[in-house]
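Beneath this line is the structure, given in structure tokens, with notes to follow.
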Amino acid sequence: MREWAAKGLIFFGDDVLCTEGGLIVAKVCGLMSRMKNPPVNVIELCQALVRIPSVNPDGDPGCDQTGEAACAAYVGEFLAASGAAVELDEVEPNRPNVIGRFPTDPSADGKPKPRIVFAPHTDTVSVGGMTIDPFSGELREGRVWGRGASDTKGPMASMLWALHEMRADIPALPVEVHFAGFMSEESAQLGSQHFARTHGPYDFAIIGEPTDLKTVHKHKGCLWADVHTTGVAVHGSIPEKGVNAIVKMSVLIQALDTEFRQILKDVGGEDEWLGCSSINLGMIRGGTRSNIVADQCVLRVDMRTTPGLNHAGGAVQVLTDFVRRIDPSASVEPLPETFPLDTDAQNPFVQRLIECGSEVTGAPWFCDAAFLAAGGTPAVAIGPGSIAQAHTKDEYIAADDLESGVDFFVKFLKSWKA
């Protein structure tokens, strides 16, 4: 496959993708035979995806091959070869979302069909510390090994292969079927936020995550925030003349670790699937030298929040009110927040997934589903494989799970046929 060309062109076999208004749009759908070494089954597709480095560049990626461009281009080629019109929507330089829109026949009543989107993410976490070749895609012991095999190139492969198998039937379905591969899920979720703003809302979104094919209709949100205390710096030999910001923070730490945990339970309640909201006191820094009374201290907290806490005013407000009650001079600086997911289990699309053999559940982690839901698209997370393998030093997904994922998504699509 020839990737990003100098003039913004991508070639799918003989078909040209050209830029228009910052977007890269497929002009003609290709054929699977035009792909170089096309995969012949979902296992080979998963292997091919794992072999394309797409490490999120934030933090310490553990390698010099970062970004989602190559993975998005390959997925786009596969989608085009399966009959979809493809768009590479660049969110950050060389970091696009990949979107595939399958053709759809007019509805019998002439009204627009409901739109559904299959939406895994194309980036992976760091490969630092891995004990296997992160990009081997080796098939061994009935498993595909490598970074992203579980999270989420395996679920993505099952979705893509199901769409490929159903490509001839999709146009006649009473729903319009799209695919979106999001960049940046592993840090900041920029891809899903951009997609929700510019392409939504949809009638339903199926976010690809390794959930053992259970339907995650609720998950916790996440707030990182910095709590600041201030003091008065003086020479360390006369500490009584100053005000120590670290000592002030110690009072807050004790209160946050005890009283505030109970407040989270009382205010947010206990969710049937998620339990109570939580707080972790994760990082602290303060002072400048050991012989100077500290005039500043910062505590970073990680709060995992339930829909109940969100409905009761939200994590930022509850945390700020508590901190100021304990220390009126302290302040809270919120960092970007991910909101909890709370999709109604009675949603007809969710019920259809259940009828196909899934079951509803909740999750302590968060994903792109929350940002689509915030943009007006009911969303769930579902896919083959186990979250226990995500981000591990020897990540893998079972080949049987990949095939089960294809069977499930094909069954879901076929359930729409009259």
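Residue numbers (numbering that gives the first Met the number 0): 0 to 417. Every residue gets a Cβ at the ideal spot worked out from N, C-alpha and C, and that includes glycine.
Between the C-alpha atoms of residue i and residue j, what's the straight-line distance to the nearest angstrom?
i: G29; j: A68; result: Any reading at G29 must be qualified, since the residue scores a pLDDT of 39, below 50, and its modelled position is unreliable; no value is offered.
i: D399; j: I42; result: 9 Å
i: V74; j: L159; result: 8 Å
i: G267; j: V359; result: 22 Å
i: T121; j: D132; result: 19 Å
i: G128; j: P56; result: 16 Å
i: F194; j: A171; result: 26 Å
i: V300; j: G58; result: 18 Å
i: V97; j: E394; result: 24 Å
i: A254; j: V231; result: 22 Å
i: G147; j: V49; result: 6 Å
i: F203; j: P333; result: 30 Å
i: N290; j: V233; result: 9 Å
i: V242; j: D294; result: 7 Å
i: P383; j: V317; result: 37 Å
i: P173; j: R166; result: 14 Å
i: A84; j: A72; result: 13 Å
i: P377; j: D367; result: 12 Å
i: S125; j: A311; result: 36 Å
i: T319; j: P335; result: 15 Å
i: K416; j: G374; result: 29 Å
Mapping the DSSP letters down to three states, classify residue i as helix, strand or coil.
i: M182; result: coil
i: G99; result: strand
i: A79; result: helix
i: L44; result: helix
i: P92; result: coil
i: G274; result: strand
i: N309; result: helix
i: C62; result: coil
i: I262; result: helix
i: V27; result: Only weak support exists for where V27 lies, its pLDDT of 34 falling under 50; the value from the coordinates is given anyway. Looking at V27 - three-state DSSP - the assignment turns out to be coil, as it is neither helix nor strand.
i: M497; result: Residue 497 is absent from the structure shown; the chain starts at 0 and stops at 417.
i: E2; result: Note that E2 scores a pLDDT of 36, beneath 50, so its modelled location is shaky; the value from the coordinates is reported in the next line. Three-state DSSP puts E2 in coil, outside helix and strand.
i: D104; result: coil
i: V418; result: The requested residue 418 does not occur in the structure, where the chain is confined to residues 0 to 417.
i: V39; result: coil
i: V74; result: helix
i: S32; result: Since pLDDT at S32 reaches only 44, below the 50 mark, its modelled position is unreliable, and no value is offered.
i: D57; result: coil
i: I131; result: coil
i: V49; result: helix
Taking the alpha helix (DSSP H) that residue i belongs to, which residues open and close that run?
i: H196; result: Note that residue 196 corresponds to Arg in the displayed sequence, not to His. Residues 189 to 198.
i: L255; result: 244 to 256
i: I325; result: 314 to 325
i: P347; result: 347 to 354
i: Q372; result: Residue 372 is actually Ala in this sequence, not Gln. Residues 368 to 373.
Could you tell me if residue i is buried or exposed, where buried requires 16 or more neighbouring beta carbons within 10 angstroms of its beta carbon?
i: V116; result: buried
i: G109; result: exposed
i: I237; result: exposed
i: M282; result: exposed
i: S32; result: Only weak support is given to the placement of S32: the predicted model assigns it a pLDDT of 44, under 50, and the value that follows is read from those uncertain coordinates. Classification for S32: exposed.
i: P111; result: exposed
i: W144; result: buried
i: P119; result: buried
i: S186; result: exposed
i: Q46; result: buried
i: R324; result: exposed
i: R288; result: exposed
i: S414; result: exposed
i: I206; result: buried
i: D88; result: buried
i: I353; result: exposed
i: A161; result: buried
i: Q192; result: buried
i: N309; result: buried
i: S106; result: exposed
i: T257; result: exposed
i: Q345; result: exposed
How far does the beta strand (DSSP E) with residue i in it extend, from its first residue to its last?
i: R166; result: It is not in any beta strand (DSSP E) - R166 carries neither H nor E in the DSSP assignment.
i: C296; result: 295 to 304
i: K217; result: 214 to 218
i: E336; result: 330 to 337
i: G361; result: 359 to 362
i: A397; result: 395 to 397
i: W418; result: Since the first residue of the chain shown is 0 and the last is 417, residue 418 is not available in this structure.
i: I115; result: 114 to 118
i: I205; result: 203 to 206
i: V379; result: 378 to 380
i: V174; result: Where V174 is concerned, there is no enclosing beta strand (DSSP E), given that its DSSP letter is neither H nor E.
i: V231; result: It is not in any beta strand (DSSP E) - V231 carries neither H nor E in the DSSP assignment.
i: R142; result: 142 to 144
Verify the contact flag: residue i, CB atom, against every heavy atom of the ligand FMN, threshold strictly below 8 Å.
i: A254; result: No copy of the ligand FMN appears in this structure; indeed no ligand is present at all.
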